[in-house]
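See structure below.
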Amino acid sequence: MPEGDTVFRTAARLRPALEHQILTGSDFRVPQFATADLTGKECTAVESRGKHLFIVCEDLTIHSHLMMEGHWDLYRAGERWHSPAFKARCVLTVEGAQAVGFELGFLRLLPSSERYDAVAHLGPDPLGSSWGAAEVLRRMRFWPDRSIALVVLDQSVLAGIGNIYRCESLFMARINPHALVSELTDAQLTRLIDVMHRLLNLNRERGRRITTGTMGREPYWVYGRRGKPCLRCGAPVSHERLGDPQLLRGRVGGDPANTETVERDLFYCQHCQRA
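The sequence shown begins at 1 in UniProt numbering and counts up by one.
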């Protein structure tokens, strides 16, 4: 499941192949941009912001979001793709290499001068240079009557946190996911913010996401462990689907204008997470 660390790694992988290279071909396989052609433009930057990826090509920027299944792959010239061609949404060709975006949640082409406006709604990025824990705390306090499990998924509070890090961070901070923001102290929220920041930074260079601190068979404390013994206390891990009318697709990630209501799987330990 792509989260902020996934997009950070994607940008880091694409950057050496694309930056300062001239596009020898571009193919946008979405109706809105099917006739767009960036051939001849120089790729000047590859940037990540939360779960959003920007590929800057002079005056135009390719803005993509992976959502649940998307990924960007990098191939040598002439190399066979690992995914079916019908799943490709964007193909960028430079000398000796090809970057292909498969099953992208959305794909846009916008003026480069407007790319930061497209993510102006996002909160601080744990992997960004302007990270500020105090600002995240302030944004959390804006939602006193929402459960903390819903608030941490809201990309306007902080950018890049998805369901895996939501479940794991709440467990590691020993916070009940159903607790309202107003029921938690600044110390508890600050501890949670610190855990999320540390986890994303620890995993941003890894090929395999791990929260338990080991490379063993159990990478996660609670995520995906419904009914299995808690690794800390042995109690069965609880699972439920959680959503509310304010948990919109556009707030969880992707197009900020998308008002579709979503639900997410929640895994937690009732014994360890009582606070």
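The C-beta atom is built at its ideal place from N, Cα and C for all residues, glycine as well. Given the structure is predicted, the values throughout are model-derived calculations rather than measurements.
Measure the Cβ-Cβ separation of residue i and residue j and say whether it is below 8 Å.
i: Leu104; j: Leu74; result: no
i: Leu189; j: Ser156; result: no
i: Ile193; j: Val136; result: yes
i: Tyr220; j: Ile164; result: yes
i: Val181; j: Arg141; result: yes
i: Pro111; j: Leu38; result: no
i: Ser197; j: Pro126; result: According to the sequence shown, residue 197 is His rather than Ser. Cβ distance < 8 Å, so His197 and Pro126 count as in contact.
i: Gly40; j: Ala159; result: no
i: Trp81; j: Thr10; result: no
i: Leu200; j: His239; result: no
Please report how far the alpha carbon of residue i lies from the alpha carbon of residue j, in whole angstroms.
i: Leu14; j: Ser64; result: 13 Å
i: residue 312; j: Arg139; result: An answer regarding residue 312 cannot be provided, because it is not within the stretch 1 to 275 covered by the chain.
i: Ser169; j: Gly101; result: 30 Å
i: Val46; j: Arg206; result: 19 Å
i: Leu107; j: Arg89; result: 8 Å
i: Leu18; j: Cys43; result: 6 Å
i: Glu58; j: Thr185; result: 47 Å
i: Thr218; j: Ile62; result: Here residue 218 is Glu; the residue named in the question, Thr, does not match the sequence. About 37 Å.
i: Gly25; j: Tyr268; result: 47 Å
i: Pro84; j: Leu231; result: 39 Å
i: Gly250; j: Val262; result: Note on Gly250: pLDDT 49, under 50, position unreliable in the model; no value is reported.
i: Ala12; j: Lys87; result: 23 Å
i: Gln270; j: Gly213; result: 22 Å
i: Ser129; j: Ala36; result: 33 Å
i: Ala275; j: Gly78; result: 56 Å
i: Leu109; j: Pro144; result: 37 Å
i: Leu153; j: Lys228; result: 24 Å
i: Ala134; j: Ala34; result: 43 Å
i: Thr6; j: Cys233; result: 30 Å
i: Gly162; j: Pro31; result: 29 Å
i: Leu202; j: Arg191; result: 16 Å
i: Val237; j: Ala187; result: 26 Å
i: Gly70; j: Ala99; result: 13 Å
i: Glu114; j: Trp131; result: 21 Å
i: Gly243; j: Arg29; result: 33 Å
i: Leu93; j: Arg76; result: As written in the sequence, residue 93 is Thr, which differs from the Leu given in the question. Spanning the two alpha carbons is a distance of roughly 10 Å.
i: Val222; j: Ala235; result: 11 Å
i: Arg226; j: Ala179; result: 20 Å
Give the single residue among the options whose Cα lies nearest to the Cα of residue i.
i: Val119; options: Met196, Cys167, Ala97, Arg49; result: Arg49
i: Ile22; options: Arg146, Ile193, Glu95; result: Glu95
i: Pro124; options: Lys51, Pro177, Leu60, Arg146; result: Lys51
i: Arg241; options: Pro144, Ala36, Pro177; result: Pro177
i: Gln273; options: Met172, Glu263, Pro144, Phe8; result: Met172
i: Tyr116; options: Gly160, Arg204, Arg226, Leu53; result: Leu53
i: Gly224; options: Glu114, Leu200, Arg264, Ser112; result: Arg264
i: Asp27; options: Gly132, Phe8, Val91; result: Val91
i: Cys167; options: Ala187, Glu183, Val195, Ala34; result: Val195
i: Ala97; options: Ile55, Pro16, Ala34, Val56; result: Pro16
i: Ile55; options: Phe8, Gly132, Arg76, Val30; result: Phe8
i: Glu183; options: Leu202, Arg146, Thr211, Arg191; result: Arg146
i: Met68; options: Glu114, Met1, Trp131, Arg226; result: Met1
To which residues does DSSP link residue i through a beta bridge?
i: Ser48; result: Leu53
i: Gln21; result: Cys43
i: Phe28; result: Cys90
i: Val100; result: Asp73, Val91
i: Tyr268; result: Ser238
Within 8 Å (strictly less), CB to CB, does residue i reach chain D?
i: Asp186; result: Protein chain content of the structure displayed is limited to a single chain, and chain D is not contained in it.
Quiz prompt | alpha helix (DSSP H) segments (min. 4 residues) lying fully within the stretch 122 to 179 | solution = 133 to 141, 148 to 151, 163 to 172
Quiz item: Which residue spans inside the stretch 190 to 229 form an unbroken beta strand (DSSP E) run of at least 3?
Solution: none
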